[in-house]
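> Numbering (this note's numbering), first residue to last: 23 to 133.
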Amino acid sequence: MSGIHDFIDNEVKTNDVVLFMKGTPQFPQCGFSGQVVQILDYVGVDYKGINVLADADLRQGIKDYSNWPTIPQLYVKGEFVGGCDIVREMFQAGELQSMLEENGISVKGAA
């Protein structure tokens, strides 16, 4: 199981923005993953989508890694941000955009 943990750790630490999701950014396979993809696309941030449906170990592993029971899960600069509800609330409050900018990640339409 440590192989999966190492894989997740590497993805989270080597990509500025990573979304562990059901499906892919092009074809989300659950509504919650789709919502986060729409938000990230709207904000215009580059991110890596990782499909947890492709691997049962990964699907369980990411829950263990973050100690968070649901997918999608968004990571920015190695830090767990949250799932769909948290991302949506942060986006609506403008906090998501600010957090990305503070981490040196360019967003579309930023002042």
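We put the beta carbon where it would ideally sit given N, CA and C, even for glycine.
1. So, helix, strand or coil for Tyr97, using DSSP?
2. Please report how far the alpha carbon of Met23 lies from the alpha carbon of Asp77, in whole angstroms.
3. My guess is that Ile26 and Leu80 are in contact by the Cβ rule of under 8 angstroms, so how many angstroms apart are they, rounded?
4. Give the secondary structure of Asn37 by DSSP, where H, G and I count as helix, E and B as strand, and everything else as coil.
5. Relative to the C-alpha of Gly68, which residue among Leu41, Phe113 and Val109 is closest?
According to the structure data:
1. DSSP places Tyr97 in strand when its eight states are reduced to three.
2. Any answer about Met23 is weak, because its pLDDT of 49 lies below 50 and its placement is not dependable; what the coordinates show is given next. Cα to Cα, Met23 sits roughly 12 angstroms from Asp77.
3. That pair is a contact at about 6 angstroms.
4. Of the three classes helix, strand and coil, the one that applies to Asn37 here is coil, per DSSP.
5. According to the sequence shown, residue 68 is Asp rather than Gly. Distance check between Asp68 and each of Leu41, Phe113 and Val109 places Leu41 closest, using alpha-carbon atoms only.
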